[in-house]
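Every position in the sequence shown, counted from 1, becomes a number in the numbering used here once 7 is added. Using N, Cα and C, we set each Cβ at its ideal position, and we do this for glycine too.
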Amino acid sequence: MDVQAGRTVPDGGWGWVVVAAVAVINMTNQSILSVFGLLFEGQLRMHEDTFTAALITNLNSLALNFSGLFIGPAIKSFKPRNVAATGCLLVSIGLTLCSFATESWHYIVGYSFFVGFGLGLISPSTFMAINSYFSSKRGRAVGVSLAGAGVGQVFIPHMVRYFLENYGFRTAVLAMAALSLTGLLGAIFLRPLNPPVSHNNRKHLTLIVDKEDKKQSKDLQAIIVQPTQNNNALKPVESKEDGSLCSKMGYRLAQAMDLELLKDTVFWSIIVGMALVYTATINFTLVFPNFLKHTAGFDSQAVATCMSVVAGADIVFRLLLPCITDRLRIPYRVVFLMGIVGLLIARLLLAQTTSLPVIIAMSVQVGMTKSATVINNNLTISAYCRSEKLAGGLGLSMISKGIIVIIVGQLLGWVRDYSNSYVVCLYAQSLVLLLVVVVWTPEIYYRYRKQRHHTSKSMETTYMQAEQGEPLNSRA
């Protein structure tokens with residue numbers, strides 16, 4: 008067992024039940040993102056207008072990630088179980104609204120905001136539930152839980168295709184809405200590790216809560232009057248404590264969101280790089296089915312098969328990769344970088360072929376390398392930030408994703424429409440991934456060399472001290 012922050016971490020036990028519950032939630036909710044193109048292609052005429060579809064998916068990611076502004080206080084106030092259950096309900100409501108949609112803005116309300124916000128509540132709450140139960144086996148636990156989303160990505164495309172071909176669009180979307188509700192069964196098992204510590208939860212939701220601040224606020228609201236020199240009229244005089252109150256509010260805000268992390272250039276590099284990879288992944292999920300259908304010329308059965316191959320490889324490596332990297336003690340960020348390189352190579356090869364065997368092989372590679380980025384996303388943040396700053400780090404990472412996905416994601420959609428080519432879009436995604444590789448590689452290498460030099464210097468110092476202590480010991 009491990010002890011962190013005064014709590015005993017079992018590194019297993021009921022934690023594996025929590026992992027299984029999170030896997031069910033991910034299977035029935037998170038995997039819905041992967042079938043957006045297959046589910047809404049006909050209604051949105053995505054082959055003719057990629058910009059609108061990109062806007063809907065990017066606004067979905069915006070709502071998902073900007074929930075990071077208050078997800079920490081929500082988890083502390085209402086527990087991960089309740090937050091995750093609320094997220095499942097919102098996803099189901101959003102999909103139900105989409106089933107009756109007739110205009111583009113209907114999809115924006117239902118899919119972008121309701122589904123996006125619901126998924127934004129699910130992701131960090133389930134991660135925090137797992138994080139509280141595991142220490143040394145955290146990577147494996149996260150990998151198993153995320154494998155649930157991979158399982159969903161295997162059978163959900165076939166389910167969507169079946170309902171679309173036999174019952175139509177509305178029934179297919181309603182079926183997905185009903186499926187998302189099964190995530191409530193998983194949320195029931197997200198039991199807190201320890202009984203909740205009694206504290207004022209409203210402290211995390213407001214900036215001024217203590218009695219002293221309330222007293223100062225009342226004093227500042229009082230009107231101080233003095234007689235003027237010309238007449239006996241009274242005029243208000245501004246309090247000199249306005250500045251101190253504003254500065255205290257700013258300090259409380261910075262503390263609540265852990266904004267001091269933004270002073271670290273390495274942290275900036277991490278969250279911006281992960282946001283760019285996230286954006287390229289979202290865009291690839293959007294265009295990949297259409298690339299297979301309109302560029303490679305595959306039928307719906309072959310398209311669903313390729314998507315299932317991606318999901319199958321993703322599942323296998325979400326289970327195997329953490330075991331390998333934990334045993335070899337490879338840093339989470341290095342594994343993430345290796346995944347980026349693999350995604351870059353796969354996109355370049357996909358853009359140059361329409362052969363089914365090659366595309367299936369690249370689908371396997373996409374699934375393998377995608378798992379490396381998905382598993383090590385939050386783990387990279389948790390490895391770099393101190394435990395007390397983890398919630399803030401995750402929130403800032405989500406916000407950066409929300410900002411970049413709406414800018415770069417829309418740019419990638421415009422590139423597809425302007426060029427009228429999915430191949431050019433794949434090359435544009437490759438440039439985004441290449442940028443992250445170029446920035447991260449020298450930085451990681453420099454930090455590795457610096458750490459190695461520091462370690463060797465510490466060992467030399469220890470050795471010299473030991474040598475100096477030998478004569479003293481012999482005299483004694």
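Next item on the list: Answer yes if the stretch 412-430 comes into contact with the stretch 292-303, meaning at least three C-beta pairs across the two stretches below 8 angstroms, and no otherwise.
Entry: yes
Next item on the list: Given a cut-off of 8 angstroms, decide if glycine 409 and asparagine 72 are closer than it, judged by their beta-carbon atoms.
Entry: yes
Item checked: Rounded C-alpha distance that separates leucine 104 from histidine 113 -> 8 angstroms
Next item on the list: Consult DSSP for glycine 416 and reduce its assignment to one of helix, strand or coil.
Entry: helix
Check: Are the stretch 395-414 and the stretch 326-345 touching, with three or more C-beta to C-beta distances below 8 angstroms?
Finding: no
Check: Going along the chain, which residues of its own chain have a beta-carbon closer than 7 angstroms to the beta-carbon of valine 284, five neighbours each way excluded?
Finding: Ile347, Thr380, Leu440 and Val443
Notebook entry, point to check: From glycine 175 to glycine 19, what does the alpha carbon distance come to, in whole angstroms?
Noted result: 44 angstroms
Next item on the list: Pair every Cβ in the stretch 307-320 with every Cβ in the stretch 371-387, then say whether three or more of these pairs are closer than 8 angstroms.
Entry: yes
Note to self: Quick test of your reading: methionine 34 and glycine 155, contact by CB under 8 angstroms. State the CB separation rounded to the nearest angstrom.
What the structure shows: 4 angstroms
Notebook entry, point to check: Cβ-heavy atom distance between phenylalanine 73 and the ligand SAM below 7 angstroms?
Noted result: You won't find the ligand SAM in this model; it holds no ligand whatsoever.
Checklist line | Environment of threonine 133 [buried if 16+ CB atoms lie within 10 Å] | finding: buried
Item checked: Whole-number beta carbon distance between valine 341 and glycine 193, since they are thought to touch under 8 angstroms -> Contact flag wrong, Cβ pair sits at about 32 angstroms.
Note to self: Closer than 8 angstroms is the cut-off here; do at least three beta carbon pairs connect the stretch 295-311 with the stretch 383-391?
What the structure shows: no
Next item on the list: Could you tell me the boundaries of the alpha helix (DSSP H) in which valine 371 lies?
Entry: 363-391
Check: Mind checking whether cysteine 95 and isoleucine 129 have CB atoms under 8 angstroms apart?
Finding: yes
Notebook entry, point to check: Considering only the beta carbon of each residue, do leucine 299 and valine 310 sit closer than 8 angstroms?
Noted result: yes
Checklist line | Within 8 angstroms, strictly: CB atoms of leucine 403 and isoleucine 289 | finding: no
Note to self: Between serine 99 and serine 187, how many whole angstroms is the CB-CB distance? I'm expecting something under 8 angstroms.
What the structure shows: 5 angstroms
Check: Whose CA, out of Val42, Phe43 and Ile82, lies closest to the CA of glycine 399?
Finding: Ile82
Next item on the list: With DSSP collapsed to three states, give me the class of proline 199.
Entry: coil
Item checked: the stretch 167-184 contacting the stretch 59-71, beta-carbon criterion three pairs below 8 angstroms -> no
Item checked: Rounded distance between the beta-carbons of leucine 268 and phenylalanine 274, thought under 8 angstroms -> 5 angstroms
Check: phenylalanine 47 lies in the alpha helix (DSSP H); which residues open and close that run?
Finding: 43-51
Check: So what's serine 143 in DSSP terms, helix, strand or just coil?
Finding: coil
Item checked: Identity of the residue in Tyr434, Met183 and Ala184 nearest isoleucine 352 by Cα -> Tyr434
Next item on the list: Evaluate leucine 197 with the Cβ neighbour count: other Cβ atoms within 10 Å of its Cβ, from every protein chain shown; 16 or more gives buried, anything less gives exposed.
Entry: buried
Next item on the list: Compare the C-alpha of valine 415 against each of Pro17, Ala61 and Phe77 and name the closest.
Entry: Ala61
Margin query: Excluding the 5 residues flanking phenylalanine 107 on each side, which residues of the same chain have their C-beta closer than 8 angstroms to its C-beta?
Written below: His113 and Arg177
Item checked: threonine 286, buried or exposed, once every other Cβ within 10 Å from all chains shown has been counted against 16 -> buried
Margin query: Taking only three categories from DSSP, how would you classify glutamate 110?
Written below: coil
Note to self: Can you list, in chain order, the residues of its chain with a C-beta nearer than 6 angstroms to that of glycine 22? Leave out the 5 residues immediately preceding and following it.
What the structure shows: Tyr140 and Phe141
Item checked: Proximity below 8 angstroms, CB of isoleucine 382 to CB of glycine 150 -> yes
Notebook entry, point to check: Can you check whether the CB of leucine 102 is closer than 8 angstroms to the CB of alanine 184?
Noted result: yes
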